[in-house]
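Those sequence lines, one after another, are chains A and B.
Here the first sequence stands for residues 8 to 267, numbered as in the working numbering.
Here the second sequence stands for residues 618 to 878, numbered as in the working numbering.
Even for Gly, the Cβ is constructed at its ideal location relative to N, Cα and C.
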Amino acid sequence: MTERFSLKGQVAVVTGASRGLGFEMARAVAESGARVYMTARGRDQLEQSAATLREAGLDVRTSAFDLSDGDECVRAIREIGEAEGRLDILVNNAGINAWEPLAEAKTSTWDSVIRTNVRGPYLLCREAARFMVPKGYGRLVNVGSALAVTGREKIAAYVSSKHGLAGMTRALAAELGPKGVTCNMMAPGYFLTEINTSILARPGYERGVSGRIPLGRWGDPEEAGGVVAFMVSKAASYMNGHILVVDGGLTETFVLPVDS
Amino acid sequence: MLELFSLKDKVAVITGASRGLGRPMAKGLAAAGAHVVLIARDEARLNEVRDEIVAAGGEATILPIDLTDEEAIRTGIRRIGHELGRVDICVNNAGIINWQPVLDSDVEDFERVMDTNVKATFIMSQECAAIMRAGGRGGRIINIGSILSTLGRAKLHAYCASKSAIVGLTRSLAAELGRENITANVIAPGYFVSDINASLTSRPGYMEAVSGVTPMERWGEPEELVGTLIYLASAASSFVTGQVIHVDGGIEATFTFQLAA
């Protein structure tokens, strides 16, 4: 590991770290030398995942809380920041999704998606920044989605929440940049994760997506970790307010299933 | 025509006016009241378009030139400015496309595409803007891009580079000419059924494949570009500049695909 990518001596929080992309992000940040607080709602799965990383010799700890509960968000970050005397890195990965055709969409779905995907990350950024600004250094990374930059049918709340998160990312980049704290978005496309089991089970879905991706395949969750490890390191010190899309080329190209 | 969208007493020049999307666009400008200067190589076809416009009660002049001939563009536009006394609207529509796998492609092909699609747009804009500035009445430069102005596509590196370059050129023109009340914008069409992409529409399954990734689930009709063009050419868009307006049934703004049946 060259020095510019090292996170040695730093403290990081990664939300939604029990599974999928969040787990790989936590692993990558820990492998770069940071102490990583893995967070999620369900304690059992979280502890199990943390144990897996500890067995690999990584310095990880856990904090179980519900992202939709504002008080818990604030308390969790304060506890970590005060216990460590610092908080250098926050990776806002956790989020929820809900498929509903517009005609059947419930207001309560809208509220819960926006609450978890935008309000939660906003509170965590705000609280984390309280520890970062006095030190003049910090890395906020919000995990968006390809749907932070493009639209998709039947998930209006999710697409709105991720576009909203992109807006918040740029706003915080503007406000915190002068204080040495950067704020960027990592926007993943389609990855082979547990959370996508239901869509992957739909006949033709996996191929339908792959057929529109220049790399011709879904992402491996491990391919999300390295990107975040870069974004939270010193190597990314002049990147601020950026939406870094990691989607095999999906949103930047036009590919037809009939192309050979 | 509502006053806000009227092009009465305006002079509009449009390249690639003999066929494809340029033909209906030229007629649309004429129907909105503009005197339209039709530019393309093929004089016979230009005469046809002019006759159609005149028969519909409009005004048109033809300027048969090759857009790879810089002198012909400069002389032609200056002559038009002199004869008609003004140029208010410049529509750079002419363009060529060529499919070549990048590893088998040649630089002559790249240069040909860039020259016709970008360099000619630059020269046209420069000459028209000079007349617009001298007239002191502002003006409208409207460049035709593509969904491939913002997206990459295999085997179309030259075309993609040219259409992306048009966006950069347009934004730069917007930045420099704004104070003269000359606006510059891009219309980025998606897939339209027209005589120039018969090679695409005849490929088995191609039309369906494109429709399948388009929220509106169909190709556009050339007439559907006309309204956006008139809007950008009219007083209605007087504070709009440097923009890329997508007219593509939603392709560029969404991720859409159909599950195999």
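Per DSSP, the continuous beta strand (DSSP E) segment holding M45 of chain A begins and ends at R42 to A47. In terms of CA proximity to K241 of chain A, A:S39 leads the group A:S39, A:R26 and A:V21.
Residues of chain B whose Cβ lies closer than 9 Å to the Cβ of P210 of chain A are, in chain order, L876 and A877.
Annotated three-state conformation of M192 of chain A is strand, per DSSP. Check the Cα spacing between L74 of chain A and each of A:F261, A:G23 and A:E213: the tightest is with A:G23. About 11 Å separates the beta carbons of T260 of chain A and V252 of chain A, which is beyond the 8 Å limit, so they are not a contact pair. Close partners of R159 of chain A in chain B (Cβ separation under 8 Å): T871, F872 and T873. Exclusion of the five residues before and after K15 of chain A leaves G40 as the residues of its chain whose Cβ lies within less than 7 Å of its Cβ. Apart from the 5 residues on each side of it in sequence, M642 of chain B sits with its Cβ closer than 7 Å to the Cβ of I631, V708, N710, L842, V843 and L846 in its chain, given in chain order. If you check the CB distance, V262 of chain A and P221 of chain A come in under 8 Å.
DSSP places I162 of chain A outside both helix and strand once states are collapsed to three, so it counts as coil. Secondary structure note for T871 of chain B: it is in no alpha helix (DSSP H), with a DSSP letter that is neither H nor E. If you ignore the 5 residues before and after R224 of chain A, its C-beta comes within less than 6 Å of the C-beta of S217, all in its own chain and listed in chain order. By the neighbour-count criterion, in which a residue is buried when 16 or more other Cβ atoms sit within 10 angstroms of its Cβ, F138 of chain A is buried. For D266 of chain A, the residues of chain B that pass the 8 Å Cβ criterion are A771, in the order they occur in the chain. Looking at the backbone, the Cα of P681 of chain B and that of I656 of chain B are separated by about 6 Å. Under the Cβ criterion of 8 Å, V864 of chain B is not counted among the residues facing chain A. CA-CA distance, V98 of chain A to A194 of chain A, rounds to 12 Å. Within a 10 Å sphere around the beta-carbon of S779 of chain B sit 16 or more other beta-carbons, which makes this residue buried.
By the neighbour-count criterion, in which a residue is buried when 16 or more other Cβ atoms sit within 10 angstroms of its Cβ, P821 of chain B is exposed. Partner residues in the beta bridge of V67 of chain A, as assigned by DSSP, are A:V43.
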